[in-house]
Amino acid sequence: MRITMVGTGYVGLVTGTCLANTGNDVTCLDVDKAKIDKLNNGISPIYEPGLDELIQRNAAAGRLTFTTDKVSAYQSAEIVFICVGTPSDEKGHADLKYVLAASADIGKAIESAPGDSGGNSDERRAKIVVVKSTVPVGTNEKVRAQIQAQTSKTFFMASNPEFLKEGAAINDFNKPDRVVIGANDKGTGDRMRDLYEPFVRQGNPIFIMDIPSAEMVKYAANAMLATKISFINEIANLCESYGADVDEVRRGMCSDKRIGNQFLYPGLGYGGSCFPKDVLACISMGELSDTPATLLEAVHAVNQHQRNAFMAKIDKHFGDAAGLSGKKIAVWGIAFKPGTDDVREAPSITLMEHLLERGAAVVAYDPVAEETCKEYLADKVAYAKDAAAALEGVDALVVCTDWDEFKFPDFDHAKAAMKSPVIFDGRNLYRPEMMREMGFTYHSVGRHPVVPEAVQQSG
Ligand SMILES: NC(=O)c1ccc[n+]([C@@H]2O[C@H](COP(=O)([O-])OP(=O)(O)OC[C@H]3O[C@@H](n4cnc5c(N)ncnc54)[C@H](O)[C@@H]3O)[C@@H](O)[C@H]2O)c1
Numbered sequence: 002m003r004i005t006m007v008g009t010g011y012v013g014l015v016t017g018t019c020l021a022n023t024g025n026d027v028t029c030l031d032v033d034k035a036k037i038d039k040l041n042n043g044i045s046p047i048y049e050p051g052l053d054e055l056i057q058r059n060a061a062a063g064r065l066t067f068t069t070d071k072v073s074a075y076q077s078a079e080i081v082f083i084c085v086g087t088p089s090d091e092k093g094h095a096d097l098k099y100v101l102a103a104s105a106d107i108g109k110a111i112e113s114a115p116g117d118s119g120g121n122s123d124e125r126r127a128k129i130v131v132v133k134s135t136v137p138v139g140t141n142e143k144v145r146a147q148i149q150a151q152t153s154k155t156f157f158m159a160s161n162p163e164f165l166k167e168g169a170a171i172n173d174f175n176k177p178d179r180v181v182i183g184a185n186d187k188g189t190g191d192r193m194r195d196l197y198e199p200f201v202r203q204g205n206p207i208f209i210m211d212i213p214s215a216e217m218v219k220y221a222a223n224a225m226l227a228t229k230i231s232f233i234n235e236i237a238n239l240c241e242s243y244g245a246d247v248d249e250v251r252r253g254m255c256s257d258k259r260i261g262n263q264f265l266y267p268g269l270g271y272g273g274s275c276f277p278k279d280v281l282a283c284i285s286m287g288e289l290s291d292t293p294a295t296l297l298e299a300v301h302a303v304n305q306h307q308r309n310a311f312m313a314k315i316d317k318h319f320g321d322a323a324g325l326s327g328k329k330i331a332v333w334g335i336a337f338k339p340g341t342d343d344v345r346e347a348p349s350i351t352l353m354e355h356l357l358e359r360g361a362a363v364v365a366y367d368p369v370a371e372e373t374c375k376e377y378l379a380d381k382v383a384y385a386k387d388a389a390a391a392l393e394g395v396d397a398l399v400v401c402t403d404w405d406e407f408k409f410p411d412f413d414h415a416k417a418a419m420k421s422p423v424i425f426d427g428r429n430l431y432r433p434e435m436m437r438e439m440g441f442t443y444h445s446v447g448r449h450p451v452v453p454e455a456v457q458q459s460g
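Sequence positions in the sequence shown follow the working numbering and run 2 to 460.
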């Protein structure tokens, strides 16, 4: 099929490339010329494992092209996927300005298309406009109205929320647990099913449902995952207050098959470009419909608290608000999770801003997220060439992302390199007992702190 992806971000680029890889003719459209120029030079503007090679292979085969030319991209496509961002606005509502701008462009292009290449009254050939962006219930209707305001030609609408995870996006799209399609007519549902059949050959389901339900599935899934994270963080905080160890509690709790052990790891709270904004969007859907999302309000509040509580631990270690002034702190991991260069809503950014505000110097290291971090913090922090180099002469190390390379570092080198052997571990990567044996002061989440005796006495 001839497909146009609108927005070549983490979703549009990955899904477009994977759709090209199954033989479709895919055009990736973006308003960001710099991104398109990079892609036309064979360079991916985002870090996603395996993506560069897949882009190059499909581009070379002529199935994957990149453009800023809206009119030809929209007119040539049988299926247009809207994959633009839907960030929170200042009130926490999903901001639909990019979705609606793209919709207006699509309507204009359909209207100006010669003959059948725009709209087509033949249901089997008319254009399908698919909303893949995560959007509040009712958005597909707004998109339809926006397109219809520009054209009287026939087109069909579908909702197709995306469930890929950054860092594992290609595998997630190629082997989805399920595909969700919202369609209000059988023909559109069938054509979307045909497109996705190659991805579910092992029998995973394609669910075809009404459009509002499909829109809601994505929010429900992300809200559930965010709830699990806030739940275990709240338990971790109770563990800390009462001298229990959340690792032990997790083990004991998660062996119950009804609970399971996925997404129940305590830490710095959720970040990234999806959970924070999607939880807020659910809360605002509740406000707008007078159906308060009370649980999700608490999920959000716990998440905010989690970062603050961790920063308070660092403050407390250094004595008082002024204690961090003049100190040098290493930060391992900037990306909001391993496997990506995405730093949107990353706890590390909040934390580094906090350290800078307190007058500390920060030296950060991340295997892939240095460039994206600079978009937020520019050169306010120093960037180390590797994890070991970040530790030279620092007063403490803060671990923000659980990249594999941080899981078993050379602790002897770390101790020798650091001015004082102090670790704040926001991901519970290390065993407190081992930290004690190695002479570190060690603070993690929901577990007993390790404070060597000499420090306890002097403090
Ligand atoms: N990132 C994820 O892991 C993920 C997973 C599932 C769903 N989603 C959802 O998918 C959507 C996109 O997320 P993302 O992370 O890929 O966003 P992104 O910010 O990485 O990419 C969006 C792209 O859209 C482009 N764009 C904006 N307006 C445009 C227009 N009018 N025409 C053409 N291009 C335009 C931007 O330049 C940008 O390149 C969001 O709704 C998000 O919630 C994201």
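Glycine residues also receive a C-beta, built at the ideal position from the N, C-alpha and C atoms.
Use the C-beta contact count for residue i: other C-beta atoms within 10 angstroms, 16 or more gives buried, fewer gives exposed.
{"i": "Pro277", "result": "buried"}
{"i": "His414", "result": "exposed"}
{"i": "Arg179", "result": "exposed"}
{"i": "Gln305", "result": "exposed"}
{"i": "Leu196", "result": "buried"}
{"i": "Tyr75", "result": "buried"}
{"i": "Asp411", "result": "exposed"}
{"i": "Tyr243", "result": "exposed"}
{"i": "Thr295", "result": "exposed"}
{"i": "Ala1", "result": "With the chain covering only 2 through 460, there is no way to say anything about residue 1."}
{"i": "Met312", "result": "buried"}
{"i": "Asp342", "result": "buried"}
{"i": "Met435", "result": "exposed"}
{"i": "Gln147", "result": "buried"}
{"i": "Ile44", "result": "exposed"}
{"i": "Gln307", "result": "buried"}
{"i": "Pro348", "result": "buried"}
{"i": "Gly360", "result": "exposed"}
{"i": "Thr16", "result": "buried"}
{"i": "Ser113", "result": "exposed"}
{"i": "Asp367", "result": "buried"}
Any idea what DSSP makes of residue i, helix, strand or coil?
{"i": "Met2", "result": "coil"}
{"i": "Gly287", "result": "helix"}
{"i": "Tyr220", "result": "helix"}
{"i": "Thr140", "result": "helix"}
{"i": "Val363", "result": "strand"}
{"i": "Gly119", "result": "Residue placement at Gly119 is poorly supported in this model, since its pLDDT is 47, which falls under 50; the coordinates still yield a value, given next. DSSP places Gly119 in coil when its eight states are reduced to three."}
{"i": "Ser445", "result": "coil"}
{"i": "Gly460", "result": "With a pLDDT of 47 at Gly460, under the threshold of 50, the modelled position of that residue is not reliable, and the figure given next carries that caveat. Three-state result, Gly460: coil."}
{"i": "Phe409", "result": "coil"}
{"i": "Leu265", "result": "coil"}
{"i": "Cys401", "result": "coil"}
{"i": "Ser231", "result": "helix"}
{"i": "Val201", "result": "coil"}
{"i": "Asp248", "result": "helix"}
{"i": "Thr68", "result": "strand"}
{"i": "Phe164", "result": "coil"}
{"i": "Ala323", "result": "coil"}
{"i": "Ser242", "result": "helix"}
{"i": "Tyr377", "result": "helix"}
{"i": "Lys128", "result": "strand"}
{"i": "Ala383", "result": "strand"}
Roughly how far, in whole angstroms, is the beta-carbon of residue i from the beta-carbon of residue j, given that I think they are within contact range, below 8 Å?
{"i": "Thr228", "j": "Val144", "result": "Incorrect: roughly 29 Å between the Cβ atoms, too far for contact."}
{"i": "Val85", "j": "Val72", "result": "Not really, about 17 Å apart at Cβ, beyond 8 Å."}
{"i": "Ala127", "j": "Phe82", "result": "That pair is no contact at about 16 Å."}
{"i": "Lys329", "j": "Val364", "result": "7 Å"}
{"i": "Ala336", "j": "Ala370", "result": "4 Å"}
{"i": "Thr135", "j": "Thr87", "result": "6 Å"}
{"i": "Glu198", "j": "Ser274", "result": "Going by Cβ atoms, the distance from Glu198 to Ser274 rounds to 29 Å, so no, they are not a contact pair."}
{"i": "Pro422", "j": "Phe441", "result": "5 Å"}
{"i": "Ala184", "j": "Ile207", "result": "With a Cβ gap of about 11 Å, Ala184 and Ile207 do not count as contacting."}
{"i": "Ala11", "j": "Glu54", "result": "Looking at the sequence itself, residue 11 is Tyr, so the reference to Ala does not match. That pair is no contact at about 17 Å."}
{"i": "Glu91", "j": "Met2", "result": "With 8 Å as the limit, Glu91 and Met2 do not qualify as a contact, their Cβ atoms being about 39 Å apart."}
What are the boundary residues of the beta strand (DSSP E) that includes residue i?
{"i": "Gly183", "result": "Val180 to Ala184"}
{"i": "Ala170", "result": "Per DSSP, Ala170 belongs to no beta strand (DSSP E); it is in the alpha helix (DSSP H), Ala170 to Asn175."}
{"i": "Ser160", "result": "Phe156 to Ser160"}
With respect to the alpha helix (DSSP H) encompassing residue i, which residues constitute its N-terminal and C-terminal limits?
{"i": "Ser77", "result": "Lys71 to Ser77"}
{"i": "Asp26", "result": "Careful: Asp26 lies outside any alpha helix (DSSP H), inside the beta strand (DSSP E) at Asp26 to Leu30."}
{"i": "Thr18", "result": "Tyr11 to Asn22"}
{"i": "Ala299", "result": "Thr295 to His318"}
{"i": "Met461", "result": "Any answer about residue 461 is impossible in this case: the structure gives the chain only from 2 up to 460."}
{"i": "Lys36", "result": "Lys34 to Asn41"}
{"i": "Lys98", "result": "Lys98 to Ser113"}
Between residue i and chain C, is the shortest Cβ-Cβ distance under 9 Å, so that the two count as touching?
{"i": "Asp106", "result": "Note that chain C does not occur in the displayed structure, where there is just one protein chain."}
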